[in-house]
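Trainee: Quick note: the sequence shown uses the working numbering, first residue 134, plus one each step. We treat Cβ as the ideally placed atom computed from N, Cα and C, and that holds for glycine. Note that this is a predicted model, so its numbers are computed, not measured.
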Amino acid sequence: MHRPVLLLFAAAFCAPSFAAEVQVAVAANFTAPMKVIAAQFEKDTGNKVLASYGATGKFYAQIQNGAPFDILLAADDETPAKLDQEKATVAGSRFTYAIGKLVLWSAQPGMVDAKGEVLKSGKFDHIAVANPKLAPYGLAAQETLQKLNLFGTLTPKFVTGDNIGQTYQFVASAAAPLGFVAMSQVYEDNKLKSGSAWVVPSTLYSPIRQDAVVLAKGANKSAVTALIDYLKGDKAKAVIRSYGYDL
Numbered sequence: 134m135h136r137p138v139l140l141l142f143a144a145a146f147c148a149p150s151f152a153a154e155v156q157v158a159v160a161a162n163f164t165a166p167m168k169v170i171a172a173q174f175e176k177d178t179g180n181k182v183l184a185s186y187g188a189t190g191k192f193y194a195q196i197q198n199g200a201p202f203d204i205l206l207a208a209d210d211e212t213p214a215k216l217d218q219e220k221a222t223v224a225g226s227r228f229t230y231a232i233g234k235l236v237l238w239s240a241q242p243g244m245v246d247a248k249g250e251v252l253k254s255g256k257f258d259h260i261a262v263a264n265p266k267l268a269p270y271g272l273a274a275q276e277t278l279q280k281l282n283l284f285g286t287l288t289p290k291f292v293t294g295d296n297i298g299q300t301y302q303f304v305a306s307a308a309a310p311l312g313f314v315a316m317s318q319v320y321e322d323n324k325l326k327s328g329s330a331w332v333v334p335s336t337l338y339s340p341i342r343q344d345a346v347v348l349a350k351g352a353n354k355s356a357v358t359a360l361i362d363y364l365k366g367d368k369a370k371a372v373i374r375s376y377g378y379d380l
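Structural data, given as structure tokens:
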């Protein structure tokens with residue numbers, strides 16, 4: 134057998150041994166950008182990302198009960214900090230990977246005006262909001278309505294999602310004519326994909342700092358380190374910005 138053929142055979146045979154899987158718990162609002170980043174990461178490194186998407190509060194409970202996640206990409210900074218305090222993480226691994234933005238969105242063009250005045254009109258039967266006890270975007274929506282002195286008025290109209298992904302589906306499916314969602318769910322390349330929206334001023338809610346942390350189960354795994362480094366790199370940052378997050 135010729136030497137080049139041998140080398141090719143050896144490379145093909147050995148390559149899979151260097152690949153590994155990384156199990157990541159991802160906040161629902163970060164679903165779209167994470168899917169893009171994961172695909173790029175897998176192509177560039179050969180490692181596989183096994184991502185679960187959902188509410189940060191539920192992930193916290195699952196991690197406490199031994200869920201086999203290597204990394205948590207939370208929708209807040211409090212949950213990773215709490216896990217740090219509980220010694221459930223790799224010390225020093227926590228960092229902010231994105232700063233989220235809240236949007237009032239409707240799948241219907243013209244339903245939501247550019248200043249959010251539709252909230253004061255009350256001309257809708259339901260409004261979708263994520264559970265503020267589980268989802269930071271739900272808490273941000275609650276803070277926004279409280280500052281606008283509309284929380285008590287609109288609470289009876291709430292359709293509550295367990296996470297921001299479910300909340301988005303309520304609006305997309307017309308179960309609610311409008312709702313508070315993450316900007317990343319309805320914007321791409323910093324352009325509204327469909328419907329109508331009001332980007333809620335950041336002065337109306339606490340900053341949504343989204344932290345990542347390596348969990349104890351991810352310690353000393355080269356593929357985990359590789360993904361964390363990738364999230365901090367220029368390719369991932371470009372994707373994150375394109376979905377409307379700040380860094």
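Decide if the region 231 to 245 is in contact with the region 172 to 187; the criterion is three or more beta carbon pairs, one per stretch, under 8 Å apart.
Mentor: In short, these stretches do not touch, since the Cβ pair count stays below three.
Trainee: Taking the runs of the beta strand (DSSP E) that are 3 residues or longer, which of them lie wholly in the region 221 to 260?
Mentor: 228 to 233 and 235 to 239
Trainee: Leaving aside the five residues before and after residue 169 along the sequence, list all residues of the same chain whose C-beta is less than 6 Å from its C-beta, in chain order.
Mentor: 372
Trainee: Measure the Cβ-Cβ separation of residue 294 and residue 241 and say whether it is below 7 Å.
Mentor: Going by C-beta atoms, residue 294 is not nearer than 7 Å to residue 241.
Trainee: Can you list, in chain order, the residues of its chain with a C-beta nearer than 6 Å to that of residue 156? Leave out the 5 residues immediately preceding and following it.
Mentor: The residues are 183, 201, 202 and 203.
Trainee: Less than 6 Å between C-beta atoms, sequence neighbours within five positions excluded: which residues of the same chain meet that for residue 158?
Mentor: Answer for residue 158: 185, 192, 202 and 205, listed in chain order.
Trainee: State the start and end residues of the unbroken alpha helix (DSSP H) segment that holds residue 276.
Mentor: 269 to 280
Trainee: Take residue 326 and list the residues in its own chain whose beta-carbon comes closer than 8 Å to its own, dropping the five residues that flank it on each side.
Mentor: Contacts found: 319 and 320.
Trainee: Assess contact between the region 303 to 312 and the region 249 to 269, defined as three or more Cβ pairs (one per stretch) separated by less than 8 Å. Is contact present?
Mentor: Judged by Cβ distances under 8 Å, the region 303 to 312 makes contact with the region 249 to 269, as three or more pairs qualify.
Trainee: Could you give the first and the last residue of the continuous beta strand (DSSP E) run that contains residue 205?
Mentor: 204 to 206
Trainee: Return the chain-ordered list of same chain residues with a C-beta closer than 6 Å to the C-beta of residue 271, the five sequence neighbours on each side being excluded.
Mentor: 262, 263, 264 and 265
Trainee: With respect to the alpha helix (DSSP H) encompassing residue 301, which residues constitute its N-terminal and C-terminal limits?
Mentor: 297 to 305
Trainee: CA-CA distance, residue 285 and residue 341?
Mentor: 23 Å
Trainee: Counting only runs of 3+ residues fully inside the region 341 to 379, write out the beta strand (DSSP E) ranges in chain order.
Mentor: 341 to 347
Trainee: In whole angstroms, what separates the C-alpha of residue 244 from that of residue 353?
Mentor: 50 Å
Trainee: Could you work out which residue in 375, 347 and 343 is closest to residue 229 when comparing CA atoms only?
Mentor: 343
Trainee: Would the beta-carbon of residue 253 be found less than 6 Å away from any heavy atom of the ligand GDP?
Mentor: No copy of the ligand GDP appears in this structure; indeed no ligand is present at all.
Trainee: Which stretch, first to last residue, makes up the beta strand (DSSP E) that contains residue 315?
Mentor: 311 to 315
Trainee: Once the 5 residues before and after residue 330 are set aside, which same chain residues still bring their CB inside 7 Å of it?
Mentor: 236, 237, 238, 245 and 319
Trainee: On the CB-based measure, 16 or more other CB atoms within 10 Å of its CB, does residue 355 come out buried or exposed?
Mentor: exposed
Trainee: Let me check understanding here. Comparing Cα to Cα, which of 174, 152, 178 and 218 lies closest to residue 349?
Mentor: 218
Trainee: On the three-state DSSP scale, how would you describe residue 308?
Mentor: coil
Trainee: Taking the alpha carbon of residue 269 as the reference point, which residue from 180, 301, 175 and 207 has its own alpha carbon closest?
Mentor: 207
Trainee: For residue 195 and residue 301, I'd like the C-alpha separation in whole angstroms.
Mentor: Inter-residue distance for residue 195 and residue 301 is about 23 Å (C-alpha atoms, whole angstroms).
Trainee: So what does DSSP say about residue 388, is it helix, strand or coil?
Mentor: In the structure as shown, the chain begins at 134 and stops at 380. Residue 388 is therefore absent and cannot be evaluated.
Trainee: For a test of the three-state rule: what should DSSP assign to residue 219, helix, strand or coil?
Mentor: The answer is coil: DSSP assigns residue 219 none of H, G, I, E or B.
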